[in-house]
Amino acid sequence: MIEVRELIVHYNGRAAVDGVGLSVAAGEWLGLIGPNGAGKSSLLGAVAGTVPHQGAVRIGGRLSLEMGRREAARSVAVVPQHPVLPESMAVIDYVMLGRTPHLGYLAAESEEDVAVTEAAMWDLGIIHLAERSLGSLSGGERQRCVLARALAQEAPVLLLDEPTSALDIGHRQQVLDLVADLQRTRSIAVLAAMHDLTLAAQYADRLALMIDGRISVEGSATQVLTESAIAAFSGARVSVIEGPAGEIVVVPRRS
Amino acid sequence: MTTDTLRRPSVFSLLLVGGVLFGALVAAVLIGPVALDPWAVLQEVLDHLPFVDVDSGLDARQAAIVWELRLPRAVLGALVGATLAVAGSAYQGVFRNPLADPYLLGVAAGAGLGATIAIVASGSGAVVVPLAAFVGAVAAVVATYALGATGGGRRTGNTLILAGVAVAASLTAAQTFVQQRNAETIREVYAWILGRLGTTGWGDVALMAPYAVVSIIVILLHRRLLDVLAVGEDEARTLGVRPERVRTAVVIAATLGTAGAVAVSGLIGFVGIVVPHTIRLMVGASYRAIVPLTVLGGAAFLVLADLVARTALSPSEVPIGVVTAIIGGPFFVVVLRTSRRGAL
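If you're matching them up, the sequences are chains A and B in order.
Per this note's numbering, the first sequence starts with residue 1, numbered consecutively.
Per this note's numbering, the second sequence starts with residue 1001, numbered consecutively.
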């Protein structure tokens, strides 16, 4: 569903993304890990079509540079790292913004758009908050609103930029469970920049380690998350161990 | 959740604000130094509608007071108020700043300078006045926007307002200079600056109507997109919108309306802050509901303000700009105190 070849993104005069290639199939979750400033956000921006780039980005076989802004937004939904949440906007108004790419420039929403919006809120368990203002919600509830907006976009590709960095561990799991659910039930291709290596290993089908604008390793969590690789990119001392259910766990270790 | 899920203003709120507007218009036609029989006034107004022919029983002088003085003045107030209020909500939406308003952004001062030059050159009431006002207003909004970016910051925060204040101050100085150099028109210009609703019968209404209609319609059509802009330019792009395009269209429409309003009625401040924020308190933050109600509310507000202006110290008149400033000043402080970061 996502095909990236020889992607280069210039940011502040240097190549933030420097010749990246990757692909994500429908219904697959690719986790993007790596240190801050490695170019993960630039890569996501290029895939979303909002950041100027060289190289080829194909979404569902279509070259992104040939798509208009609206068509791109119908293909790719983005959950940004720091979403802007207008405090006094009602949840339903916010989620309905996801319908924007399906509407003509000056068109108003139809009953169908309302139905899709309400279904998205229902799927994310925020339908009871519809008339509440965003400012009155907890961090976890707000993150669900952002996801619901992305869901209302009905795009086959979902990009997440550190979607859980502002949440505590319980809400992190909830949000990632919801994404995994959408990935499965709607066959959405998920490309997510992820901070927490353990969660990345558990939720993503594959991981790509990005350093200095390039992908240095790509593969299963066992292939990518080695103690030496993590030490090399983050300077952290960690142990990579197997959890009780055979899952990969990355734990910090004191020297 | 079936009636208001389309996020239009509720029928109740439309009826409420529309009712206030209707009441304001009726009061504006009935109240004045010459007491007139309400029923006769109604008949007089009806008589002027197409295909209606009733005898109101008013004599020619009374009929002229209704049809040539009070009604056009009320209608002009409604048009100017609706336009200034909706322009305020539009600027607040595109600049994502609750304090944005035609006056704080320097737009009105630009229109004022343009109009002053035109009045000095060819007298007030000339058709060229609104055009000159528009040129001045566009120059001012461009200057404010460019200046607001030079700090390197985002053009939405307080830098924008500070830039607007700086632009307004320079343009007002230039306007004062032009005014001083042309002593023969100084009274005419001064009376106009203080803000006043025309007493020239239907002429000013005809002059203002096209500006009001175009500006209001364009902003009404963009109200859903103003909600999209509320999440910022980057996210608006990921939702398939080109923020520059929306901003340009809305700013031109709001500036055109402001220029027309300034040209016919002078500098009437604070309408663009008081009305949209009052409506926002009533119906919440969605521009889909705010914009239509702001049109009605702005019209009602200025008709009522004019009523106060001409009755408070009757028989003399307080300039309407003074009335709106007396209401708007304290209101502005309230908005400043209650608007938090990110709240619109």
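All C-beta atoms in this analysis are idealised placements derived from N, C-alpha and C, irrespective of residue type, glycine included.
Which complete beta strand (DSSP E) runs does the stretch 29-100 of chain A hold, if anything under 3 residues is left out? Segments of the beta strand (DSSP E) lying fully in the stretch 29-100 of chain A: 29-33, 54-59, 76-79.
Which whole-angstrom value is the C-beta distance of VAL78 of chain A and ALA38 of chain A, which I expect to be below 8 Å? The Cβ separation is near 19 Å, so there is no contact.
In angstroms, rounded to a whole number, what distance separates the CA positions of LEU1267 of chain B and ALA1108 of chain B? Cα to Cα, the separation comes out at about 7 Å.
Using only CA atoms, which one of A:LEU103, A:ARG184, A:GLY140, A:TRP29 lies nearest to ALA152 of chain A? A:LEU103 is the residue among A:LEU103, A:ARG184, A:GLY140, A:TRP29 whose C-alpha sits nearest the C-alpha of ALA152 of chain A.
Meets three-Cβ-pair contact criterion under 8 Å: the stretch 20-39 of chain A and the stretch 210-225 of chain A: Touching, yes.
Note the first and the last residue of the continuous beta strand (DSSP E) segment covering LEU1197 of chain B. LEU1197 of chain B -> no beta strand (DSSP E), and no H or E assigned at all.
Which term fits LEU1344 of chain B, buried or exposed, when burial requires 16 or more other beta carbons within 10 angstroms of its beta carbon? Residue placement at LEU1344 of chain B is flagged as unreliable, the pLDDT there being 41, under the threshold of 50; a coordinate-derived value is accordingly withheld.
Does any residue of chain A bring its CB to less than 8 Å from the CB of ARG1310 of chain B? Answer no: the Cβ-Cβ gap between ARG1310 of chain B and chain A never drops below 8 Å.
Completely contained beta strand (DSSP E) runs for the stretch 201-236 of chain A, where each covers 3 or more residues: Runs found: 206-211, 214-219.
Give me the subset of the stretch 1240-1254 of chain B whose CB atoms are less than 8 Å from a CB atom of chain A, sorted by chain position. Within the stretch 1240-1254 of chain B, the residues whose Cβ lies closer than 8 Å to some Cβ of chain A are GLY1240, VAL1241, ARG1242, listed in chain order.
Distance, TRP1067 of chain B Cα to ARG1196 of chain B Cα: Each residue's Cα considered, the two are about 19 Å apart.
Figure out for me which residue from A:SER239, A:LEU158, A:GLN173, A:LEU182 has the closest Cα to the Cα of GLN202 of chain A. Per the Cα distances, A:GLN173.
8 Å Cβ cutoff, SER228 of chain A in contact with chain B: Chain B places no beta carbon closer than 8 Å to that of SER228 of chain A, leaving this residue out of the contacts.
PRO1319 of chain B burial status per 10 Å Cβ neighbour count (16 or more: buried): It is buried - the Cβ of PRO1319 of chain B has at least 16 other Cβ atoms within 10 Å.
Does VAL1231 of chain B have its Cβ less than 8 Å from a Cβ in chain A? At a cut-off of 8 Å between beta-carbon atoms, VAL1231 of chain B makes contact with chain A.
Using the rule of at least 16 other Cβ atoms within 10 Å of the residue's Cβ for burial, across every protein chain shown, is GLU247 of chain A buried or exposed? Per the 10 Å Cβ criterion, exposed.
At a CB-CB cut-off below 8 Å, which residues of chain B make contact with MET1 of chain A? The premise fails here: MET1 of chain A is roughly 17 Å from chain B at the closest Cβ pair, so nothing lies under 8 Å.
Looking at the C-beta of MET121 of chain A, does it have a partner C-beta in chain B at a distance below 8 Å? Taking Cβ atoms only, chain B never reaches closer than 8 Å to MET121 of chain A, which makes this a no.
Helix, strand or coil, according to DSSP, for ASP1047 of chain B in the structure here? Note: ASP1047 of chain B maps to helix in three-state DSSP.
I need the boundaries of the alpha helix (DSSP H) containing ILE272 of chain A, first residue and last residue. Chain A is shown only over 1 to 255; residue 272 of chain A falls outside these bounds and no answer can be derived.
Tell me, please, which residues DSSP counts as bridged to ALA15 of chain A. A:HIS10.
Which of helix, strand or coil DSSP assigns to SER136 of chain A: In the structure shown, SER136 of chain A adopts helical secondary structure according to DSSP, grouped into three states.
By the three-class DSSP mapping on this structure, what secondary structure does ARG1341 of chain B have? Confidence at ARG1341 of chain B is low in this model, with a pLDDT of 44, below 50, so the placement of that residue should be treated as unreliable; the coordinate-derived value is given next. Assigned with DSSP and collapsed to three states, ARG1341 of chain B falls in coil, not helix or strand.
Of all the residues that make up the stretch 1324-1339 of chain B, which are near chain A by a beta-carbon distance shorter than 8 Å? Under the 8 Å Cβ criterion, the stretch 1324-1339 of chain B contributes no residue.
Interface residues of chain B facing VAL179 of chain A [CB-CB closer than 7 Å]: What VAL179 of chain A touches in chain B, judged by beta-carbon distance under 7 Å, is nothing: the nearest beta carbon there is about 17 Å away.
Going by beta carbon distance, what residues of the same chain come within less than 6 Å of GLN1043 of chain B, once the five residues before and after it are set aside? Same-chain partners within the cutoff: VAL1054, SER1056.
Can you pull the DSSP bridge partners for GLU242 of chain A? BP columns for GLU242 of chain A point to A:ILE248.
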